[in-house]
Amino acid sequence: QLKVAVLVSHTGSNSRALHEASLRDDAGFGICLVVSNNSGARALEYAREQGIPSRHMSVRTHGTPEELDAALLDELVTRGVDLVVTAGYMKKLGPRTLAAYENRIINIHPSLLPRHGGPGMYGMAVHEAVLATGDEVTGASVHHVTAEYDAGEVIARREVPVMAGDTAEGLAARVLAVEHQLLPEVVRRIAAGKG
Ligand code: GAR
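First residue of the sequence shown? That's 8 in UniProt numbering, and the numbers climb one at a time after it.
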C-alpha cells in the first residue's frame, strides 16, 4: 500500500476527500501523516478525530526554514512516506524535501494550469482572475511540485465550465467539488503504478 502524507494549511476538504477514498478496499493507498503549518487548521482536528498521525510544523515550531525543511524530511522518511500531497498548503517546501522526494510530491491547484498559476495565485484570487479574464472554462489541475509555484509538470486536469453570472465563490465551490474527485483518482492511479 502506498503511504501518503498530506500537507495542508486550513480546511483540508481535499485531505478529507483523499482520506475517505483511501478507506475503500481497492484504494491501494493510505494516509499515514497529516502536516499543517497552522496549528488551528481544521485538517489537523479531522486527522485527530480519525486517528491519523498529525503534526503542526512551521517556522514557529522549528525556528528557521532550514530546520523546518530538515525536520519535515525526517518525519516523512521516518514514517516511510512514498508520496507527498500538498492540498491547500500555502507554504513552499524546502530544497532538501524537494530533492529527496523529487517526482513524489504532487499539488492540487484550482485552475487549468498553466493558466492562473504562480505566486499569489491561490484560493479565491484564482477564481477572481478567471472571471476577470472572461474565461469560458476553468477547472482543477494536479501537478508535480518543484521549487517554483505551480510550475511542475501537469499530471491531470479536469474542466469546469464558467457560467453567466458566476461569482468567485460559486466557481470556487464547483471547482472544489471536482478537486475532491480528481485528487483521489490521481493518487489511486499512482498507487496502481500507473501515475
Ligand atoms: C483548494 O481549492 C486548493 O486547490 C487550493 O486551496 C483550496 C484548499 O481547500 N490550493 C491553492 O490555491 C494552491 N495554489 P481545502 O483546504 O478545503 O482542501
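From the three backbone atoms N, C-alpha and C, an ideal C-beta is built for every residue, glycine too.
Could you check if residue i belongs to the surroundings of the ligand GAR, using beta carbon to heavy atom distance under 8 Å?
i    : result
H151 : no
P117 : yes
H17  : yes
L30  : no
V137 : no
Expressed to the nearest angstrom, what Euclidean distance is found between the alpha-carbon atoms of residue i and residue j?
i    : j    : result
V88  : T18  : 22 Å
Y30  : T93  : What sits at residue 30 in the sequence shown is Leu, not Tyr. For L30 and T93, the distance between alpha carbons rounds to 19 Å.
L51  : A154 : 25 Å
D76  : R62  : 14 Å
T138 : A179 : The sequence shown places Leu at residue 138, rather than the Thr named in the question. Cα to Cα, L138 sits roughly 11 Å from A179.
M64  : S43  : 6 Å
G95  : M128 : 12 Å
A199 : M170 : 36 Å
Pick from the options: whose alpha carbon is nearest that of residue i?
i           : options               : result
Q57         : M131, G125, S22, R122 : S22
A107        : K99, G124, I115, V84  : V84
Q8          : H151, C39, L14, R55   : C39
residue 207 : V185, R67, R62, A179  : Since the first residue shown for the chain is 8 and the last is 202, residue 207 is missing from the structure and cannot be characterised.
S118        : G95, A147, L138       : A147
P72         : V41, A163, T104, R86  : T104
By DSSP's criteria, residue i is part of a beta bridge. Which residues make up the other side?
i    : result
N114 : T93, H150
H63  : S43
E166 : G146
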